[in-house]
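Heads up, the sequence shown is in this note's numbering, so the first residue is 52 and it goes up one at a time.
C-beta atoms are modelled at their ideal positions from N, C-alpha and C, and glycine is treated no differently.
Predicted model, so just to flag it, every value in this text is computed and none were measured.
Note sheet for the following structure.
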Amino acid sequence: WFSWDTLGHALVRWPGTIWIVTILLMMPLAVWGILQSDNVDYDLLRRLPPNSPSLAGTKVLAEHFPAGATGTVTVLLYLPGGDFATVGGKGEDLMDTVTNQLLKNRDRLQLADLRTLTRPLGTSPSANRLLRSIPSADLGQLEEAVVHYYVGSTGDLRNQVTRMEVTVQLNPLSRQGTAWLNHFEKDLKAELPDDLKQARIYYTGPTASMRDLRVVTSHDETRIQILVTGCVLAILILLLRSIVVPLYLIASVLFSYFVTLGAAMLFFAWLDPDNFVGLDWKVPIFLFAILVAVGEDYNIFLLSRIHEEQPKLGTVEGIHVALVKTGRIITSCGLIMAGTFASLLASSMQDLVHLGFALVFGVLLDTFVVRPILVPAFLILVERGRERWSKWTSQAPK
52 WFSWDTLGHA LVRWPGTIWI VTILLMMPLA VWGILQSDNV DYDLLRRLPP NSPSLAGTKV
112 LAEHFPAGAT GTVTVLLYLP GGDFATVGGK GEDLMDTVTN QLLKNRDRLQ LADLRTLTRP
172 LGTSPSANRL LRSIPSADLG QLEEAVVHYY VGSTGDLRNQ VTRMEVTVQL NPLSRQGTAW
232 LNHFEKDLKA ELPDDLKQAR IYYTGPTASM RDLRVVTSHD ETRIQILVTG CVLAILILLL
292 RSIVVPLYLI ASVLFSYFVT LGAAMLFFAW LDPDNFVGLD WKVPIFLFAI LVAVGEDYNI
352 FLLSRIHEEQ PKLGTVEGIH VALVKTGRII TSCGLIMAGT FASLLASSMQ DLVHLGFALV
412 FGVLLDTFVV RPILVPAFLI LVERGRERWS KWTSQAPK
């Protein structure tokens, strides 16, 4: 019941209607893809199979301890010329002030525990009981051990660096965890006493690493998208010696990319609505580069054939015939590529499953919708628009 010739005749007869209906059907997914384009997940543990020992251990730990216990945030304070090593000195008093200020805002900051130079065992009731139970004769040794643990003791920064260990009530690898770190950073700076305002503050740990990774990959993704789009557009303009058609080809591939992103988001949210928090962060980067490359390859193949047929058959009929003659081979290439990417769905790693589904959907979408429908329909509309413009200008009074 279907043939490329039938599709070609339909496009020649109703190009505008088919183009508009196709766009409208795809638009909800594209809009969702745009809105959720930054909704990606950096949690490495979520990528592992459910029976992984580390994942099982993390779940058990979360059942008995605060979620942040799986990745404590370490805060380093470097005060040039300061001295945190002297027991009862100014540096210790300053850290005691910072600790008390943070504990006053414990609930708002979602702190589960805080360990500092003046609270070396944390802030839990058991820690306080343990400190009170230590004999006075042993307090000197304890103070030396605390200074050795919490204050830098080597190099040029000796005694000028101290650290705090912060345990939060959130998953340290989640987006909520990285967002918390941004708020905590602002609150900590606001709570520092005047003598610590000049201190340099550094963060380390899983949450800080995830935050930095998110910033770096976001910048890289933007740079890659600009470079890929710009390079491909320049090549298309040189090959086709036109501006309108290359711009549309780029727009069609970008549209296909966001449709694919939206479809993948909805699909995995439907599969696991309780645990899905976003696609793996690598998916948008690889998906964009591959879909643009594959989509424009197929478009160039189709347009090359159109340019061969149009001098013999005319502008519109040349598009029709080129679609018929390239339909089978381009579809075969698309199916082979989609089948290859489908092998990723067999992976036990969730990030590869996300990428495999997105690539399969995107390649099939380009193979069966974008290249055989959206591109020829637009070209037919452009050619007929040119014909009408030429006819109007030739009949216009001079």
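Notebook entry, point to check: Would a C-beta distance cut-off of 8 Å place L406 and F339 closer than the cut-off?
Noted result: Here residue 406 refers to the residue found at position 355 when the sequence shown is read from its first residue. Here residue 339 refers to the residue found at position 288 when the sequence shown is read from its first residue. Result no, Cβ atoms of L406 and F339 do not sit closer than 8 Å.
Margin query: Comparing C-alpha positions only, which one of L172, T218, L221, P223 sits nearest to Y200?
Written below: For the purposes of this step, residue 200 is identified with residue 149 of the sequence shown, where counting begins at 1. Residue L172 holds the alpha-carbon nearest to the alpha-carbon of Y200 among L172, T218, L221, P223.
Notebook entry, point to check: Quick one: Cα of E143 to Cα of A136, how far?
Noted result: Your numbering for residue 143 matches position 92 in the sequence shown. Your numbering for residue 136 matches position 85 in the sequence shown. Between E143 and A136, the C-alpha separation is close to 8 Å.
Next item on the list: Just list the alpha helix (DSSP H) runs in the region 205-272, keeping only unbroken ones of 4 residues or longer that don't cross its boundaries, in chain order.
Entry: Fully enclosed alpha helix (DSSP H) runs of 4 or longer: 226-242.
Checklist line | Distance, Y308 Cα to I357 Cα | finding: On the sequence shown, residue 357 is found 306 positions in, with the first residue counted as 1. On the sequence shown, residue 308 is found 257 positions in, with the first residue counted as 1. For I357 and Y308, the distance between alpha carbons rounds to 25 Å.
Next item on the list: List the residues that DSSP assigns as beta-bridge partners of T3.
Entry: Since the first and last residues shown for the chain are 52 and 449, residue 3 lies out of range.
Next item on the list: At 4 residues or longer, and completely inside the region 294-381: list those alpha helix (DSSP H) runs for me, N to C.
Entry: Annotation note: the region 294-381 contains the following uninterrupted alpha helix (DSSP H) runs of length 4 or greater, listed N- to C-terminal: 295-322, 333-364.
Check: Mapping DSSP to helix, strand and coil, what is D92?
Finding: For the purposes of this step, residue 92 is taken as the residue at position 41 of the sequence shown. If DSSP states are grouped into helix, strand and coil, D92 belongs with the strands.
Note to self: Only counting the same chain, and skipping five residues up and downstream in sequence, which positions put a Cβ closer than 8 Å to that of S394?
What the structure shows: As a first step, residue 394 must be located in the sequence shown, where it is residue number 343. Correct list, in chain order: G407.
Item checked: Distance between V345 and I381 (C-alpha atoms, nearest Å) -> Locating residue 381 in the sequence shown gives position 330, where the first residue counts as 1. Locating residue 345 in the sequence shown gives position 294, where the first residue counts as 1. Between I381 and V345, the C-alpha separation is close to 11 Å.
Note to self: If contact is defined by three or more beta carbon pairs under 8 Å, each pair taking one atom from either stretch, is the region 203-216 in contact with the region 119-134?
What the structure shows: Yes: the two stretches touch, three or more of their Cβ pairs being nearer than 8 Å.
Notebook entry, point to check: Among I370, Y93, H115, which has the Cα closest to the Cα of T258?
Noted result: Counted from its first residue, the sequence shown places residue 258 at position 207. Considering only alpha carbons, the answer is Y93.
Notebook entry, point to check: What's the C-alpha gap between L62 and F306?
Noted result: Indexing the sequence shown from 1 puts residue 62 at position 11. Indexing the sequence shown from 1 puts residue 306 at position 255. L62 and F306: Cα-Cα distance of roughly 20 Å.
Checklist line | Contacting residues, own chain, Cβ-Cβ under 8 Å from A389 (five flanking each side not counted) | finding: On the sequence shown, position 338 is the one that residue 389 refers to. For A389, where only same-chain residues beyond five positions count, the Cβ hits under 8 Å are L410, V411, V414, L415, T418.
Check: Sorted by chain position, which residues of the same chain lie with C-beta nearer than 6 Å to L224's C-beta, five sequence neighbours on each side aside?
Finding: For the purposes of this step, residue 224 is taken as the residue at position 173 of the sequence shown. Sequence-distant partners of L224 (beyond 5 residues in either direction) whose C-beta falls short of 6 Å from its own C-beta, in its chain, are D94, P257, M261.
Check: Under 8 Å, do R422 and L353 count as touching if we go by C-beta distance?
Finding: Counting from one through the sequence shown, the residue named residue 422 turns up at place 371. Counting from one through the sequence shown, the residue named residue 353 turns up at place 302. Yes, the pair counts as a contact, with Cβ atoms nearer than the cut-off.
Item checked: In chain order, each beta strand (DSSP E) run of at least 3 residues that lies wholly inside the region 64-116 -> Along the region 64-116, the beta strand (DSSP E) does not occur as any fully enclosed run of 3 or more residues.
Item checked: Coarse secondary structure for L130, derived from DSSP in three states -> The count along the sequence shown starts at 1 and reaches residue 130 at position 79. Correct three-state label for L130: coil.
Checklist line | Other residues of its chain near I424: CB distance less than 8 Å, five sequence neighbours each side excluded | finding: For this step, residue 424 is matched to residue 373 along the sequence shown. Around I424: L58, L62, I69, W70, T73.
Next item on the list: Going by DSSP, name the residue or residues bridged to L165.
Entry: As a position in the sequence shown, residue 165 is number 114, starting the count at 1. Partner(s): V217.
Check: How do the region 274-282 and the region 159-176 stand: do at least 3 beta-carbon pairs fall below 8 Å, yes or no?
Finding: Because the criterion of three Cβ pairs below 8 Å is not met, the region 274-282 and the region 159-176 do not touch.
Notebook entry, point to check: By the 10 Å Cβ neighbour count, where 16 or more other Cβ atoms means buried, how is Y349 classified, buried or exposed?
Noted result: The residue you call residue 349 lines up with position 298 of the sequence shown. Flag for Y349 reads buried.
Margin query: Check for me: the alpha helix (DSSP H) holding N151 runs from which residue to which?
Written below: Against the sequence shown, residue 151 aligns to sequence position 100. Segment 141-155, the alpha helix (DSSP H) holding N151.
Next item on the list: Inspect the beta-carbon positions of Q220 and G108 and report whether they are closer than 8 Å.
Entry: Residue 220 sits at position 169 when you count from the first residue of the sequence shown. Residue 108 sits at position 57 when you count from the first residue of the sequence shown. Contact flag unset, no.
Margin query: Quick check on S303: buried or exposed, where buried means 16 or more other Cβ atoms within 10 Å of its Cβ?
Written below: Numbered from its first residue, the sequence shown carries residue 303 at position 252. So S303 ends up on the buried side.
Note to self: Could you check whether T148 and P244 sit closer than 8 Å to each other, using their CB atoms as the reference points?
What the structure shows: Residue numbering aside, residue 244 sits at position 193 when the sequence shown is read from its first letter. Residue numbering aside, residue 148 sits at position 97 when the sequence shown is read from its first letter. Against a cut-off of 8 Å, the Cβ pair of T148 and P244 comes out as a contact.
Notebook entry, point to check: Which of helix, strand or coil does DSSP assign to V138?
Noted result: Residue mapping note: residue 138 aligns to position 87 of the sequence shown, counting from 1. It is coil, neither helix nor strand.
Checklist line | 8 Å contact criterion, which D331 and Q401 should meet: CB distance rounded | finding: As a first step, residue 331 must be located in the sequence shown, where it is residue number 280. As a first step, residue 401 must be located in the sequence shown, where it is residue number 350. About 7 Å separates the two Cβ atoms, so the contact holds.
Next item on the list: For the alpha helix (DSSP H) holding S177, just list the boundary residues, first then last.
Entry: Within the sequence shown, residue 177 is the residue found at index 126, counting from 1. Unbroken alpha helix (DSSP H) run through S177: 176-184.
Item checked: Residue range of the alpha helix (DSSP H) that includes V411 -> Looking up residue 411 in the sequence shown gives position 360. 401-416 is the extent of the alpha helix (DSSP H) around V411.
Check: Would a C-beta distance cut-off of 8 Å place T121 and L112 closer than the cut-off?
Finding: Here the question's residue 121 lines up with position 70 in the sequence shown. Here the question's residue 112 lines up with position 61 in the sequence shown. T121 is a Cβ neighbour of L112, given a cutoff of 8 Å.
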